[in-house]
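If you're matching them up, the sequences are chains A and B in order. Number 325 in this note's numbering belongs to position 33 of the first sequence; there are no gaps in the numbering. Number 301 in this note's numbering belongs to position 9 of the second sequence; there are no gaps in the numbering. Where is the CB? At the ideal position from N, CA and C, for every residue including glycine. Given the structure is predicted, the values throughout are model-derived calculations rather than measurements. Structure record follows, encoded as structure tokens.
Number of protein chains: 2
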Amino acid sequence: MRNNTRGSLIWLRLLRFSNHSNQFSNEFLKRFDLTTAQFDVLIQIKVYQPLTQMELAEKVTVTQGGISRMLARLEKEKYIVRKQDWKTKTIRLTEKGEAIVEKAMPAQLALQSSFFEDVLNEEEMKTLYSLITRVHKHSLIKEIPPE
Amino acid sequence: MRNNTRGSLIWLRLLRFSNHSNQFSNEFLKRFDLTTAQFDVLIQIKVYQPLTQMELAEKVTVTQGGISRMLARLEKEKYIVRKQDWKTKTIRLTEKGEAIVEKAMPAQLALQSSFFEDVLNEEEMKTLYSLITRVHKHSLIKEIPPE
DNA sequence: TATTTTCGCTTGATTAATCAAGTGATACTT
DNA sequence: AAGTATCACTTGATTAATCAAGCGAAAATA
């Protein structure tokens with residue numbers, strides 16, 4: 293049995309890096325009392341607000357149930373408000389939410405970037421972005437192979 | 293405030309892809325009654341057996357506690373055995389474990405590969421592997437920036 | 001030889017995500 | 001207008017991971 297293909301090696305690397313850098317980022321964001329997932333959600337809200345929970349869930353790759361609890365936590369911390377508009381709840385950042393994003397965002401973007409900028413040049417980063425984007429987009433339309 | 297840098301865009305893509313493809317893989321592996329994490333662990337054991345829990349935990353980016361429970365589950369399912377050798381527990385695949393790996397591995401490797409092979413040519417895959425490997429290795433020695 | 005330290009692993013408490021059933025308001029349908 | 005379906009969201013049950021305290025055997029130290 294062949295132990296691995298090029299593709300499977302890439303996959304492993306990607307998942308390991310993703311996992312590791314995610315933990316790294318969580319550690320980093322402790323200084324702002326945020327998790328990576330929460331930061332991600334706050335940014336999406338900032339960029340796309342006002343939006344519904346469904347839209348948000350889709351954007352951050354989490355289930356409806358997941359986003360519901362997550363937002364409940366963020367609301368308890370007063371980072372966001374949910375308002376019943378018509379039959380939908382629209383989500384907005386509060387003052388406090390805006391402030392924490394404003395504070396954490398430059399640092400977090402710098403951290404994210406540094407994973408790549410530390411070791412790749414502009415050209416390589418362009419290439420990597422283009423490749424991974426193609427792979428990601430394809431994965432979204434992919435279907436599970438039949439048994 | 294700048295919304296994002298090239299690096300942060302790559303990061304987001306990577307994490308989204310990682311998350312999505314991981315769920316995809318979980319869905320796929322249901323036909324073997326395995327999760328992605330379990331498959332990962334079984335493969336590592338197959339390749340490196342016999343090995344200790346610490347070594348294994350390191351390989352699959354999980355904590356000691358995590359691996360302990362995970363192996364307890366795999367042992368209950370009779371995929372592995374843990375034997376107290378001297379003061380360490382060494383882990384091996386059972387017959388059943390060997391069999392499931394033998395059965396699931398080709399399918400899972402094909403799935404992993406297809407994420408890339410479907411959209412990239414050999415040359416591009418080589419490039420992607422090289423880039424992500426550099427990034428990953430760097431991330432392992434990286435330290436959290438001071439406050 | 002007695003005592004302390006270290007090592008490899010386990011386990012209780014906590015956190016967070018999934019799934020699937022439930023809820024309540026709105027929109028169709030007859 | 002009454003009944004049914006749909007939509008957006010919540011919530012109970014389950015699963016799995018982390019952290020940190022605990023444990024027992026072996027090693028080091030006094």
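Nearest CA to the CA of residue 375(A): which residue from 368(A), 383(A) and 428(A)?
Sequence index remark: in the first sequence, residue 375(A) carries index 83 (1-based). Of the listed residues, the one whose Cα sits closest to residue 375(A) is 383(A).
Residue 425(B), DSSP secondary structure in three states:
Taking the second sequence and counting its residues from 1, one reaches residue 425(B) at position 133. Residue 425(B) falls in the helix class under three-state DSSP.
Given a threshold of 16 other Cβ atoms within 10 Å of its Cβ, counted over all protein chains shown, does residue 315(B) qualify as buried or as exposed?
The residue you call residue 315(B) lines up with position 23 of the second sequence. Per the 10 Å Cβ criterion, exposed.
Bridge-paired residues (DSSP) for residue 326(A):
Mapped onto the first sequence, residue 326(A) falls at position 34. Beta-bridge pairing links residue 326(A) to no other residue.
Please list, in chain order, all residues of the same chain as residue 335(B) whose beta carbon is under 8 Å from its beta carbon, the five residues on each side excluded.
Here the question's residue 335(B) lines up with position 43 in the second sequence. Excluding positions up to five away in sequence, the list reads 393 and 397.
By the three-class DSSP mapping on this structure, what secondary structure does residue 343(A) have?
Residue 343(A) sits at position 51 when you count from the first residue of the first sequence. Looking at residue 343(A) - three-state DSSP - the assignment turns out to be strand.
Cutoff 8 Å: residue 389(A) Cβ touching any chain B Cβ:
Counted from its first residue, the first sequence places residue 389(A) at position 97. So no, residue 389(A) is outside the interface.
Residue 305(A), buried or exposed, once every other Cβ within 10 Å from all chains shown has been counted against 16
As a first step, residue 305(A) is located in the first sequence; it is residue number 13 there, counting from the start. Label assigned to residue 305(A): buried.
Chain-ordered chain A contacts of residue 437(B) [CB-CB under 9 Å]
In the second sequence, the residue the question calls residue 437(B) occupies position 145. The contacting residues are 320, 399, 402, 403 and 406.
Cβ atoms of residue 381(B) and residue 353(B): under 8 Å apart, would you say?
Walking along the second sequence from the start, residue 353(B) turns up at place 61. Walking along the second sequence from the start, residue 381(B) turns up at place 89. Their beta carbons are not under 8 Å apart, which means residue 353(B) does not touch residue 381(B) by this criterion.
Measuring straight from C-alpha to C-alpha, what distance separates residue 408(A) and residue 386(B)?
What you label residue 408(A) is simply residue 116 of the first sequence in a count that begins at 1. What you label residue 386(B) is simply residue 94 of the second sequence in a count that begins at 1. Using only the alpha carbons, I get a separation of about 41 Å.
Give the C-beta separation of residue 424(B) and residue 324(A) to the nearest angstrom, bearing in mind that I take them to be a contact with Cβ-Cβ under 8 Å.
Taking the first residue of the second sequence as 1, we reach residue 424(B) at position 132. Taking the first residue of the first sequence as 1, we reach residue 324(A) at position 32. The pair is not a contact, with the Cβ atoms about 28 Å apart (cut-off 8 Å).
With a CB to CB cut of under 7 Å and the five nearest residues on each side skipped, what residues in its chain are close to residue 313(A)?
Indexing the first sequence from 1 puts residue 313(A) at position 21. 407.
Counting only Cβ pairs nearer than 7 Å, list the residues of chain B close to residue 310(A).
To locate residue 310(A), count along the first sequence from 1; it is residue 18. In chain order: 306, 307 and 310.
Between residue 401(A) and residue 311(B), which are expected to be in contact by the criterion C-beta below 8 Å, what is the C-beta distance as a whole number of angstroms?
Taking the first sequence and counting its residues from 1, the one referred to as residue 401(A) is at position 109. Taking the second sequence and counting its residues from 1, the one referred to as residue 311(B) is at position 19. Contact flag wrong, Cβ pair sits at about 19 Å.
Residues of chain A with CB closer than 7 Å to the CB of residue 333(B), please, in chain order.
As a first step, residue 333(B) must be located in the second sequence, where it is residue number 41. What residue 333(B) touches in chain A: nothing, since even the nearest Cβ is about 13 Å away.
Any beta carbon of chain B sitting closer than 8 Å to that of residue 302(A)?
Sequence index remark: in the first sequence, residue 302(A) carries index 10 (1-based). At least one chain B Cβ lies under 8 Å of residue 302(A).
Residue 382(B) bridges to which residues according to DSSP?
Numbered from its first residue, the second sequence carries residue 382(B) at position 90. Answer is 375(B).
Evaluate the contact criterion for the segment 324-333 of chain B versus the segment 361-371 of chain B: three or more CB pairs, one atom per stretch, below 8 Å.
yes
Under 8 Å between C-beta atoms, does residue 343(A) make it to chain B?
The residue labelled residue 343(A) in the question sits at position 51 within the first sequence. Closer than 8 Å: no.
Nearest candidate by alpha-carbon position, reference residue 432(B), set 317(B), 329(B) and 351(B):
For the purposes of this step, residue 432(B) is taken as residue 140 along the second sequence, with counting starting at 1. It is 351(B) whose Cα lies nearest to the Cα of residue 432(B).
When DSSP labels each residue in this structure, what does residue 432(A) get in the three-state scheme?
Start at 1 with the first residue of the first sequence, and residue 432(A) comes out as number 140. Three-state result, residue 432(A): helix.
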